[in-house]
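Numbering (my numbering), first residue to last: 362 to 504.
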């Protein structure tokens, strides 16, 4: 039986506000036709460097078949390259194409511009309050 928990209204409002800000940031991207999943995968490859599909699936917390579908769609769009691993020819490494790297750079630029523009309307006190919760948000994000 699933146990129902009581959700504190303040906690629920905070969750919804964090989700709304995240959606607003994610809406800024260099290519409107790229999905959130595809973009997250490309950003992961940007951070990790060339890596295997299995490792990407683990890092993104999706099943290997789901990651393969994402990688196939990215390959069809010309955003990734698959090459044999120099350490083990049975394995494939996935890396980004120059076009994908440009797309990621543009997406990061657009998101940073959006965030900066919206921070600019805050008072110094409000900005300091946001900085004060940074470690708490990091702890939640990494959990």
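Built from N, CA and C at the ideal position, the CB exists for glycine as well.
The DSSP-derived three-state label of residue 486 is helix. Between the alpha carbons of residue 439 and residue 447 lies a distance of about 22 angstroms.
Proximity to residue 409 across 373, 454 and 385 peaks at 454, based on C-alpha coordinates. Distances from the alpha-carbon of residue 433 to those of 465, 449, 456 and 466 put 456 closest. Using a Cβ distance threshold of 8 angstroms, residue 417 and residue 403 do not count as a contacting pair. C-alpha of residue 419 to C-alpha of residue 425: approximately 8 angstroms in a straight line. By a beta-carbon distance limit of 8 angstroms, residue 400 contacts residue 468. Their separation comes to about 7 angstroms. In the DSSP assignment, no residue is bridged to residue 499. Selection 371, 407 and 482 evaluated against residue 463 yields 407 as nearest (Cα-Cα). Residue 444 sits in a strand when the DSSP states are folded into three classes. Under the three-state reduction of DSSP output, residue 392 falls in the coil class, being neither helix nor strand. A direct Cα-Cα distance of roughly 10 angstroms separates residue 484 from residue 490. As a beta-bridge residue in DSSP terms, residue 456 pairs with 442.
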